[in-house]
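Student: Those sequence lines, one after another, are chains R and Z.
The opening residue of the first sequence carries number 1 in the UniProt record's numbering; numbering runs sequentially from there.
The opening residue of the second sequence carries number 1 in the UniProt record's numbering; numbering runs sequentially from there.
Virtual Cβ for every residue (Gly too), placed ideally from N, Cα, C.
Number of protein chains: 2
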Amino acid sequence: MKPYAPGEQPPPGKFIKLNTNENPYPPPPEVVSAITAAASGPLNRYPDPMATSFRRAAAEALGLPGPEWVLAGNGSDEILTILVRGFVGEGQSLRLPYPSYILYRTLADIQGASWEQVPFEEGWQLPAAFGQSRDDLRLVLLPNPNSPSGTIVPSQQIKQVADSLDCPLVVDEAYVDFADENCLDLVAENENVLVTRTLSKSYGLAGMRFGFLVAQPQVVAELAKIKDSYNCDTISIAAATAAMHSQDWLAEKVAAMNQTRQRMAGELAKMGFDVVPSHANFVWCTHPTGQHKAIYEYLKASQILIRYMEFPEWGDGLRISVGTDEQIDACLLMIQRFLDQSE
Amino acid sequence: MKPYAPGEQPPPGKFIKLNTNENPYPPPPEVVSAITAAASGPLNRYPDPMATSFRRAAAEALGLPGPEWVLAGNGSDEILTILVRGFVGEGQSLRLPYPSYILYRTLADIQGASWEQVPFEEGWQLPAAFGQSRDDLRLVLLPNPNSPSGTIVPSQQIKQVADSLDCPLVVDEAYVDFADENCLDLVAENENVLVTRTLSKSYGLAGMRFGFLVAQPQVVAELAKIKDSYNCDTISIAAATAAMHSQDWLAEKVAAMNQTRQRMAGELAKMGFDVVPSHANFVWCTHPTGQHKAIYEYLKASQILIRYMEFPEWGDGLRISVGTDEQIDACLLMIQRFLDQSE
Numbered sequence: 001m002k003p004y005a006p007g008e009q010p011p012p013g014k015f016i017k018l019n020t021n022e023n024p025y026p027p028p029p030e031v032v033s034a035i036t037a038a039a040s041g042p043l044n045r046y047p048d049p050m051a052t053s054f055r056r057a058a059a060e061a062l063g064l065p066g067p068e069w070v071l072a073g074n075g076s077d078e079i080l081t082i083l084v085r086g087f088v089g090e091g092q093s094l095r096l097p098y099p100s101y102i103l104y105r106t107l108a109d110i111q112g113a114s115w116e117q118v119p120f121e122e123g124w125q126l127p128a129a130f131g132q133s134r135d136d137l138r139l140v141l142l143p144n145p146n147s148p149s150g151t152i153v154p155s156q157q158i159k160q161v162a163d164s165l166d167c168p169l170v171v172d173e174a175y176v177d178f179a180d181e182n183c184l185d186l187v188a189e190n191e192n193v194l195v196t197r198t199l200s201k202s203y204g205l206a207g208m209r210f211g212f213l214v215a216q217p218q219v220v221a222e223l224a225k226i227k228d229s230y231n232c233d234t235i236s237i238a239a240a241t242a243a244m245h246s247q248d249w250l251a252e253k254v255a256a257m258n259q260t261r262q263r264m265a266g267e268l269a270k271m272g273f274d275v276v277p278s279h280a281n282f283v284w285c286t287h288p289t290g291q292h293k294a295i296y297e298y299l300k301a302s303q304i305l306i307r308y309m310e311f312p313e314w315g316d317g318l319r320i321s322v323g324t325d326e327q328i329d330a331c332l333l334m335i336q337r338f339l340d341q342s343e
Numbered sequence: 001m002k003p004y005a006p007g008e009q010p011p012p013g014k015f016i017k018l019n020t021n022e023n024p025y026p027p028p029p030e031v032v033s034a035i036t037a038a039a040s041g042p043l044n045r046y047p048d049p050m051a052t053s054f055r056r057a058a059a060e061a062l063g064l065p066g067p068e069w070v071l072a073g074n075g076s077d078e079i080l081t082i083l084v085r086g087f088v089g090e091g092q093s094l095r096l097p098y099p100s101y102i103l104y105r106t107l108a109d110i111q112g113a114s115w116e117q118v119p120f121e122e123g124w125q126l127p128a129a130f131g132q133s134r135d136d137l138r139l140v141l142l143p144n145p146n147s148p149s150g151t152i153v154p155s156q157q158i159k160q161v162a163d164s165l166d167c168p169l170v171v172d173e174a175y176v177d178f179a180d181e182n183c184l185d186l187v188a189e190n191e192n193v194l195v196t197r198t199l200s201k202s203y204g205l206a207g208m209r210f211g212f213l214v215a216q217p218q219v220v221a222e223l224a225k226i227k228d229s230y231n232c233d234t235i236s237i238a239a240a241t242a243a244m245h246s247q248d249w250l251a252e253k254v255a256a257m258n259q260t261r262q263r264m265a266g267e268l269a270k271m272g273f274d275v276v277p278s279h280a281n282f283v284w285c286t287h288p289t290g291q292h293k294a295i296y297e298y299l300k301a302s303q304i305l306i307r308y309m310e311f312p313e314w315g316d317g318l319r320i321s322v323g324t325d326e327q328i329d330a331c332l333l334m335i336q337r338f339l340d341q342s343e
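1. Exposed or buried, which one is residue 28(R) when buried takes at least 16 other CB atoms within 10 Å?
2. Identify the continuous alpha helix (DSSP H) that holds residue 276(R) and give its terminal residues.
3. Based on the DSSP secondary-structure assignment, which residues constitute the bridge partners of residue 317(R)?
4. Is residue 328(Z) near the ligand MN - that is, is its Cβ less than 7 Å away from at least one heavy atom of it?
5. Leaving aside the five residues before and after residue 220(Z) along the sequence, list all residues of the same chain whose C-beta is less than 8 Å from its C-beta, in chain order.
6. Which same chain residues end up closer than 6 Å to residue 268(Z) when comparing Cβ atoms and leaving out the 5 residues on each side of it in sequence?
7. So which of 234(R), 192(R), 3(R), 228(R) has the shortest CA-CA distance to residue 53(R)?
8. How many Å lie between residue 132(Z) and residue 114(Z) at the Cα?
9. Can you give me the C-alpha to C-alpha distance between residue 6(R) and residue 150(R), rounded to a whole angstrom?
10. Among residues of its own chain, excluding the 5 on either side of residue 207(R), which ones have a beta-carbon nearer than 7 Å to its beta-carbon?
11. Between which two residues does the alpha helix (DSSP H) harbouring residue 298(R) extend?
12. Apart from the five residues on each side of it in sequence, which residues of its chain come closer than 7 Å, Cβ to Cβ, to residue 288(R)?
13. Start and end of the alpha helix (DSSP H) containing residue 109(R)?
14. Hey, how far is the Cα of residue 341(R) from the Cα of residue 305(R)?
15. Going by alpha carbons, who is nearest to residue 190(Z) out of 199(Z), 204(Z), 158(Z)?
16. Given 8 Å as the limit, is there contact between the segment 129 to 143 of chain R and the segment 160 to 175 of chain R, that is, 3 or more CB pairs closer than that?
17. Can you confirm whether residue 48(R), when its beta carbon is compared against all beta carbons of chain Z, has any partner nearer than 8 Å?
18. So that I know if they touch, is there some Cβ in chain Z lying closer than 8 Å to that of residue 39(R)?
19. For the segment 225 to 244 of chain Z against the segment 292 to 307 of chain Z, do three or more pairs of beta-carbon atoms, one drawn from each stretch, fall closer than 8 Å, so that the two count as touching?
20. With DSSP collapsed to three states, give me the class of residue 327(R).
21. Could you tell me which residues DSSP pairs with residue 98(Z) in its beta bridges?
22. To the nearest angstrom, how far is the alpha carbon of residue 26(R) from that of residue 34(R)?
23. Rounding to the nearest angstrom, what Cα-Cα distance links residue 324(Z) and residue 211(Z) in this structure?
24. Taking residue 182(R) as the reference, give the member of 280(R), 138(R), 17(R) with the closest Cα.
25. So, is the C-beta of residue 229(R) closer than 8 Å to a C-beta in chain Z?
26. With distance defined between alpha-carbon atoms, name the residue in 316(R), 313(R), 331(R) nearest to residue 301(R).
27. At the level of alpha carbons, what is the spacing between residue 61(Z) and residue 247(Z)?
28. Taking Cβ-Cβ distances shorter than 7 Å, what residues in chain A pair up with residue 315(R)?
29. Report the three-state DSSP secondary structure of residue 17(Z) (helix, strand or coil).
30. Does the structure place the segment 123 to 137 of chain Z close enough to the segment 88 to 107 of chain Z that three or more beta carbon pairs sit under 8 Å?
31. I need the straight-line Cα distance from residue 103(Z) to residue 200(Z), nearest angstrom please.
32. Mind pulling the chain Z residues with CB within less than 8 Å of residue 17(R)?
33. Are the beta-carbon atoms belonging to residue 18(Z) and residue 218(Z) less than 8 Å from one another?
34. Measuring straight from C-alpha to C-alpha, what distance separates residue 9(R) and residue 229(Z)?
35. Which residues bound the alpha helix (DSSP H) around residue 406(R)?
36. In chain Z, which residues lie less than 7 Å from residue 23(R) when you measure between Cβ atoms?
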């Protein structure tokens with residue numbers, strides 16, 4: 001079995017990291033205060049198994065009917081693991097679009113299950129085949145916005161996909177805070193719509209590991225039986241609760257990053273890149289020269305990490321995370337230098 | 001499927017908690033400092049996927065050949081989950097002694113696997129049947145010291161069990177810091193011996209969720225493929241590393257708790273309890289009156305929580321965690337009062 005390979009993690013401070021879609025800004029100050037306060041609390045006692053304070057804060061921030069619509073996890077990776085374990089047995093199957101988040105395949109492999117990739121159509125459109133039922137199909141996963149493309153499938157279309165499927169549809173909204181719409185409303189309409197979120201990207205808490213599921217209460221209750229009893233720790237629950245109370249901070253940082261993203265996309269286009277319009281904190285781009293790997297390596301030699309991605313039978317390209325304006329300027333400068341040299 | 005039910009978690013501060021084997025003392029001060037320092041670090045960046053600093057500190061503290069003998073997890077619960085997922089497929093089987101830690105059964109149920117309980121013999125001795133191979137048997141789990149009994153199987157006997165099995169033997173050493181021996185030496189001798197540890201009990205870090213596996217490097221490498229990429233967070237890695245550097249603190253607290261345990265066991269015996277000699281931070285006791293549930297409820301009404309446990313076809317009894325001397329005095333006083341009243 002080939003394990004999932006996350007993006008490179010160099011020693012801190014030495015690189016400009018634009019390769020794993022982290023937030024370039026530190027988390028809300030209230031989060032740091034909450035961690036410090038919790039550190040002096042009763043760490044010798046087990047945490048709240050259901051992370052009640054977080055669930056309340058999340059339900060309030062997202063306008064959900066109540067905390068029982070939320071399941072907290074040790075990163076949305078854990079939530080995805082719980083979903084695959086809960087719905088997909090050995091020899092059964094899950095579906096994902098292609099190219100997208102290949103972790104889903106790894107989760108199927110670990111489970112002894114199979115996976116089916118449905119290629120996006122031209123312009124990152126979802127084909128009708130994505131919503132077709134099949135006997136052994138037990139879970140369909142859709143990152144929305146998608147990675148590496150940053151594209152989004154409209155919630156109206158996702159509703160149709162969910163309605164046509166016989167199994168649950170997971171809408172992985174890791175990047176949705178950078179987009180203009182989301183699928184939370186669909187959850188109440190169809191118990192087979194399950195939305196996952198993470199605090200790693202928009203809230204600047206990749207180091208904290210906190211993600212959650214939004215689903216109808218009876219689904220949350222069943223999946224809670226699969227998770228480890230104490231899957232979230234006292235400190236991360238306090239941090240995540242404070243993060244959900246920091247909606248003004250979130251709006252401000254998302255606006256700043258989306259502005260940087262637009263500027264970056266424009267500059268890349270001027271350099272001849274084909275840039276896919278992004279609804280996430282990264283952009284996917286390809287260059288007519290096809291020298292994607294060379295650009296990645298040239299930047300890495302200058303201690304700027306971006307992501308070179310190659311999708312068999314599809315093609316390759318560069319995924320560049322939205323950093324600070326200074327980081328993006330440095331990145332653009334080096335790309336321009338590479339292009340100048342290679343002419 | 002019946003989920004695993006952990007001990008009751010009342011609102012903090014209102015109860016004397018002697019029901020979930022937590023450490024009554026706060027964690028080492030260095031751990032609190034490490035958390036506070038990490039809170040101001042780059043939380044917007046992903047953590048070290050392999051928790052290198054912790055693995056180094058653990059290898060040094062335990063005298064292991066190197067960090068590659070250690071796999072870090074989000075609590076030893078996650079390590080146990082990884083082991084069951086890694087070794088036991090649907091329709092295959094795992095084995096545990098009885099009575100012991102029933103979480104193992106839940107993990108088998110979640111996996112669609114079956115479990116076989118081998119009853120302890122008189123005096124909590126392990127029967128020969130525990131080491132017998134069987135075709136579909138893929139994992140054997142032995143808590144040592146055992147819960148609820150607090151008894152320990154000598155490592156020499158565990159060596160024989162491991163040698164006679166065809167599948168891996170997990171020695172769950174959650175409580176071993178309170179005992180006089182452990183099975184770490186067996187890991188180097190037999191790649192099928194896997195030792196799990198937790199920082200929840202002896203290090204006073206139940207709220208932090210950190211556990212680890214000690215196994216031969218090739219086993220660690222294979223199991224690392226199953227875990228979530230970033231299963232431990234930046235803060236908990238810093239806390240756990242500091243904990244492993246606090247061996248003097250550990251020795252002092254373990255000595256104090258073992259002294260309290262001896263005193264508690266003596267006092268319970270004076271009240272007529274049959275007290276099993278314990279090598280853990282709790283004692284298992286039964287009373288000739290058989291009024292275990294009534295004692296539990298009487299204490300709960302006085303805001304003292306102990307654990308009433310009933311094992312079908314075996315019997316029931318009380319498991320009392322080692323608290324501070326003051327907590328134990330309060331607990332003993334109320335038990336005495338119950339016995340006085342019920343005469």
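Tutor: Answer, in terms of the structure:
1. buried
2. Taken as a continuous stretch (DSSP letters only), residue 276(R) belongs to no alpha helix (DSSP H), as it is neither H nor E.
3. 309(R)
4. Among the components modelled here there is no ligand, and therefore nothing to report on the ligand MN.
5. 68, 69, 70, 71, 213
6. 275, 285
7. With distances taken between Cα atoms, residue 53(R) lies closest to 234(R).
8. Distance between the alpha carbons of residue 132(Z) and residue 114(Z): 17 Å.
9. 18 Å
10. none
11. Annotation: the continuous alpha helix (DSSP H) that includes residue 298(R) extends over 292 to 301.
12. 272
13. 103 to 111
14. 20 Å
15. 158(Z)
16. yes
17. yes
18. yes
19. no
20. helix
21. Residue 98(Z) pairs with 119(Z).
22. 14 Å
23. 24 Å
24. 280(R)
25. Residue 229(R) counts as touching chain Z.
26. 331(R)
27. 7 Å
28. Absent from the structure: chain A. Protein chains present are R and Z.
29. strand
30. yes
31. 16 Å
32. 45
33. no
34. Take the alpha-carbon of residue 9(R) and the one of residue 229(Z): they are about 12 Å apart.
35. In this structure chain R extends from 1 to 343, so residue 406(R) is not present and cannot be described.
36. 44
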